[in-house]
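Asker:
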DNA sequence: TATTCCCCGCCAGGGT
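In the numbering used here, the protein residues as written are 2 to 772.
(1) Pull the bridge partners of residue 531 from the DSSP assignment, please.
(2) Count the other CB atoms within 10 Å of the CB of residue 52; is the residue buried (16 or more) or exposed (fewer)?
(3) Express the C-alpha separation of residue 205 and residue 235 in angstroms, rounding to a whole number.
(4) Using DSSP with H/G/I as helix, E/B as strand and the rest coil, what is residue 273?
(5) For residue 375 and residue 362, I'd like the C-alpha separation in whole angstroms.
(6) Near residue 681, which residues of its chain fall below 7 Å by C-beta distance, leaving aside the five closest residues on each side in sequence?
(7) Three or more beta-carbon pairs under 8 Å between the stretch 205–218 and the stretch 424–435, yes or no?
(8) For residue 350, report the span of its beta strand (DSSP E) as first-last.
(9) On the premise that residue 535 lies in contact with residue 591, defined as a C-beta separation below 8 Å, what is that separation, rounded to the nearest angstrom?
(10) Only counting the same chain, and skipping five residues up and downstream in sequence, which positions put a Cβ closer than 6 Å to that of residue 629?
(11) Which residues in the same chain as residue 101 place their Cβ atom closer than 7 Å to its Cβ, once the five residues preceding and following it in sequence are excluded?
(12) With residue 429 and residue 445 assumed to form a contact (beta carbons below 8 Å), what rounded beta-carbon distance in angstroms separates them?
(13) Measuring CB to CB, does residue 431 end up less than 8 Å from residue 424?
(14) My assumption, with CB atoms under 8 Å, is that residue 725 sits in contact with residue 557. Please give the rounded CB distance.
(15) Could you check if residue 490 is buried or exposed, using at least 16 other CB atoms within 10 Å of its CB as the buried criterion?
(16) Is the Cβ-Cβ distance between residue 352 and residue 390 less than 8 Å?
(17) Which whole-angstrom value describes the C-beta separation of residue 93 and residue 108, a residue pair presumed to lie in contact below a C-beta threshold of 8 Å?
(18) In angstroms, rounded to a whole number, what distance separates the CA positions of residue 67 and residue 75?
(19) Note the first and the last residue of the continuous beta strand (DSSP E) segment covering residue 613.
(20) Can you give the Cα-Cα distance for residue 765 and residue 607, rounded to whole angstroms?
(21) Counting only the same chain and skipping the five closest in sequence on each side, list residues whose C-beta sits under 8 Å from that of residue 329.
(22) Can you tell me the Cβ-Cβ gap for residue 230 and residue 473, rounded? I've got them flagged as a contact below 8 Å.
(23) Assuming residue 114 and residue 148 form a contact by the criterion Cβ under 8 Å, report the distance between their Cβ atoms to the nearest whole angstrom.
(24) Please state the DSSP three-state secondary structure of residue 68.
(25) By how many angstroms is the C-alpha of residue 82 removed from the C-alpha of residue 69?
(26) Please report the residue range of the alpha helix (DSSP H) in which residue 704 lies.
(27) Which parts of the stretch 115–144 are runs of the beta strand (DSSP E), unbroken and 3 residues or longer, counting only runs that do not cross its ends?
(28) Could you spell out the range, first to last residue, of the alpha helix (DSSP H) harbouring residue 427?
(29) Check whether the Cβ atoms of residue 336 and residue 398 sit closer than 8 Å, and answer yes or no.
(30) Going by DSSP, what residue range makes up the alpha helix (DSSP H) through residue 323?
(31) Taking only three categories from DSSP, how would you classify residue 235?
(32) In terms of alpha-carbon separation, which member of 451, 409, 737, 633 lies closest to residue 545?
(33) Using CA coordinates, which residue listed in 468, 261, 321 is at the minimum distance from residue 482?
Structure (structure tokens):
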């Protein structure tokens, strides 16, 4: 970070000097998406200012700043303010803030790639449009990691009007990134399926031992807990030098880990992407990645945690958890060298965020409809907002729309003398408390009886625990004593855990770019070209796939049909990530069952999908074109999946952001059940009284896009339609089929029985392969 | 809703 701040501050100081006499007041506003980054940014900016001889006061404004300090700050404003999008929006609700902005010359948005493509990004766009209106001469700078769509990122940051005159400045030092893999000694003995990577613990411990310090990235929070225990079991002498870091640990625990890491006295930290960003650790020598990186950008980002200095290469070692992940890695490396980094696509017209903004602006002062509309259209997100949509938004803020007008608490905006404003004190207070676009599931805090906090688990997990049950959190074995007031009180325990908490995170699919690169790598293997070390390692398995079935070229789609344990299996391998496969599986099952009434069971992973049935599926009777036709796609999806239920669940987010439901005070959230129940109620009321409500429409659209990757599904179907369909009838489950069959079994078996069964199946297959 | 499944944010005003 310090690499960047110097020149940026110098530039801004120069520009300000050119503007003539320096006024007192706020000059630079620095927006960062991360609170953890804000404190360091303040220090770095203050140091740079002193070195440059610019007598500027730099201050922090986030939730970490106490309310009295915040109140003082509003009267005696510093020269530079470092803040988050949420805190900035709250500032924009104060009527005195506008008058303090006359001296503002420059806004810097740090880590813009993190905000772009999210509703937080849209919130930032709207805030920037306000600031530009208050200070027309404002300069806007963004700092971003490499992205597949930098031009679009720029346009979104500065707004449609100015994007032609805006410029992209790239660093001239090329960062070297080296990616290697821990290759299993014998690929035949290496798991064909699974995800934990347990077989690699020994090798990982060896790697950690050789380096001064290591970050071990895993894909899930529960995986960090399991890996932490596994490493410690192998090397008990590392107790105290090994730490754990993920998003469900208490801030105090995380800060302690970050400080120890910075001081350089930790051997290793097992973490999730909670350490992707944030504080810079020049001391990190080695980065390991356990399991699929899912995308090229993520891989590069994580590698970048090591060698965080100019001129020093970043290095990452990949630890596969099953054989096909080696293909992923080989593909990711080649894509990285071609600079094929994923794009982050900006959100388009999320009206829930606009509803929130319209109320925010009405608190700051009063406005005329056309006036705010023009300002809002000055963002890329709402550039194409129609008059009718805007009228609907205002009406919704004014009287809760068609459905809620009987309830005075939804009459948030008043319309007086052609001006809109908020007058009710309670509305103001409630609105400030619920500003922001991040919605999360209700969690139960976990703390010792003595009082120190450890972190949180999901409500559903806590509900299943009985006093005396033991579970892992923050690398410790804990025993539940009691649950009270949304807090689980625990004490240290001995023995083995009875449960490992699982958190429902997002279901990250393999990115389109990585999927495409993977298909290309497999196609090369089909031609006999094994171009990377990982591909050489996995070669025996791919040769087996070819022998028992086929490896498809990029112009072919492989379909396998086989009988297994008296069931008929139909397997497709589009390699498009799990979300697309989920929609596709439901759709194919529906279209096949129209020809012949069959019930299918479905399994999916990032590589393909499985349809299982008692009777054989009528595959020959459908042409590829009919199977993958995008005609009637929407109604077929609606019929095959419960898309109303999907939209209903998603509506909770929209109801929260648009201010229909409130989650209570920070840290004292109402329970999930309550929130889901009230958002369901709102959904039903809307569906009955205002079925064409724009927020309902948004909910349907977003549910499809976020839970099924709708656009990608359409593109996939068009791609599949044009491919040659290869139908193979292997006698045994092939290496590609195997993980899907395991996935299918998972639903019926406990995890231990499953592990045994997988081992047995694989051994049988190995014997078959030997012959 | 499901279970392998990242991360990120957060009031105000008056009292001591």
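The C-beta atom is built at its ideal place from N, Cα and C for all residues, glycine as well.
Answerer: This is what the structure holds:
(1) The sequence position of residue 531 within the first chain is 530, counting from 1. For residue 531, which the question treats as bridged, DSSP gives no partner whatsoever.
(2) Walking along the first chain from the start, residue 52 turns up at place 51. Exposed, because fewer than 16 other Cβ atoms sit within 10 Å of the Cβ of residue 52.
(3) Here the question's residue 235 lines up with position 234 in the first chain. Here the question's residue 205 lines up with position 204 in the first chain. The straight-line gap separating the alpha-carbon atoms of residue 235 and residue 205 is approximately 10 Å.
(4) By one-based count along the first chain, residue 273 stands at place 272. Here residue 273 carries a coil assignment [DSSP, helix/strand/coil].
(5) One-based indexing of the first chain puts residue 375 at position 374. One-based indexing of the first chain puts residue 362 at position 361. Spanning the alpha carbons of residue 375 and residue 362 requires a straight line of approximately 13 Å.
(6) Along the first chain, one-based indexing puts residue 681 at 680. So the list reads 649, once near-sequence residues are dropped.
(7) Flag = no, the stretch 205–218 and the stretch 424–435 do not touch.
(8) Here residue 350 is taken as the residue at index 349 of the first chain, counted from 1. Careful: residue 350 lies outside any beta strand (DSSP E) and carries neither H nor E.
(9) Here residue 591 refers to the residue found at position 590 when the first chain is read from its first residue. Here residue 535 refers to the residue found at position 534 when the first chain is read from its first residue. Incorrect: roughly 37 Å between the Cβ atoms, too far for contact.
(10) Within the first chain, residue 629 is the residue found at index 628, counting from 1. For residue 629, the CB contacts under 6 Å within the same chain, skipping 5 residues up- and downstream, are 718, 721, 722 in chain order.
(11) To locate residue 101, count along the first chain from 1; it is residue 100. Correct list, in chain order: 26, 27, 78.
(12) Along the first chain, one-based indexing puts residue 429 at 428. Along the first chain, one-based indexing puts residue 445 at 444. Not really, about 31 Å apart at Cβ, beyond 8 Å.
(13) As a position in the first chain, residue 431 is number 430, starting the count at 1. As a position in the first chain, residue 424 is number 423, starting the count at 1. Going by C-beta atoms, residue 431 is not nearer than 8 Å to residue 424.
(14) For the purposes of this step, residue 725 is taken as residue 724 along the first chain, with counting starting at 1. For the purposes of this step, residue 557 is taken as residue 556 along the first chain, with counting starting at 1. The C-beta distance from residue 725 to residue 557 rounds to 5 Å, short enough to meet the 8 Å contact threshold.
(15) The count along the first chain starts at 1 and reaches residue 490 at position 489. Around the CB of residue 490, 16 or more other CB atoms lie within 10 Å, so the residue is classed as buried.
(16) Numbered from 1 along the first chain, position 351 holds the residue referred to as residue 352. Numbered from 1 along the first chain, position 389 holds the residue referred to as residue 390. Yes.
(17) Working through the first chain from its first residue, we reach residue 93 at position 92. Working through the first chain from its first residue, we reach residue 108 at position 107. Not confirmed; about 13 Å, so no contact.
(18) As a working note, residue 67 is residue 66 in the first chain. As a working note, residue 75 is residue 74 in the first chain. Straight across, the Cα-Cα distance linking residue 67 with residue 75 is about 13 Å.
(19) Translated into positions along the first chain, residue 613 becomes position 612. Counting along the chain, the beta strand (DSSP E) containing residue 613 begins and ends at 610–614.
(20) Sequence index remark: in the first chain, residue 765 carries index 764 (1-based). Sequence index remark: in the first chain, residue 607 carries index 606 (1-based). Residue 765 and residue 607 have their alpha carbons spaced roughly 25 Å apart.
(21) As a first step, residue 329 must be located in the first chain, where it is residue number 328. The answer, listed in chain order, is 293, 294, 511, 515, 519.
(22) The residue labelled residue 230 in the question sits at position 229 within the first chain. The residue labelled residue 473 in the question sits at position 472 within the first chain. That belief holds up - the Cβ atoms of residue 230 and residue 473 are roughly 7 Å apart, short of 8 Å.
(23) On the first chain, position 113 is the one that residue 114 refers to. On the first chain, position 147 is the one that residue 148 refers to. About 5 Å separates the Cβ atoms of residue 114 and residue 148, confirming a contact at the 8 Å cut-off.
(24) As a working mapping, residue 68 is identified with position 67 in the first chain. In this structure, residue 68 counts as helix in the three-state DSSP scheme.
(25) The count along the first chain starts at 1 and reaches residue 69 at position 68. The count along the first chain starts at 1 and reaches residue 82 at position 81. In a straight line, the C-alpha of residue 69 is about 16 Å away from that of residue 82.
(26) What you label residue 704 is simply residue 703 of the first chain in a count that begins at 1. Residues 695–709.
(27) Fully enclosed beta strand (DSSP E) runs of 3 or longer: 140–143.
(28) Taking the first residue of the first chain as position 1, residue 427 is located at position 426. Run containing residue 427: 426–434, per the alpha helix (DSSP H) assignment.
(29) Taking the first chain and counting its residues from 1, the one referred to as residue 336 is at position 335. Taking the first chain and counting its residues from 1, the one referred to as residue 398 is at position 397. With a cutoff of 8 Å on beta-carbon distance, residue 336 and residue 398 are scored as not near each other.
(30) Here residue 323 is taken as the residue at index 322 of the first chain, counted from 1. Membership of residue 323 in any alpha helix (DSSP H) is not indicated, and neither H nor E is assigned to it by DSSP.
(31) Counted from its first residue, the first chain places residue 235 at position 234. Looking at residue 235 - three-state DSSP - the assignment turns out to be helix.
(32) Reading the first chain from its first residue, position 544 is the one you call residue 545. Comparing Cα-Cα distances from residue 545 to each of 451, 409, 737, 633, the minimum goes to 737.
(33) Here residue 482 refers to the residue found at position 481 when the first chain is read from its first residue. Closest by alpha carbon: 468.
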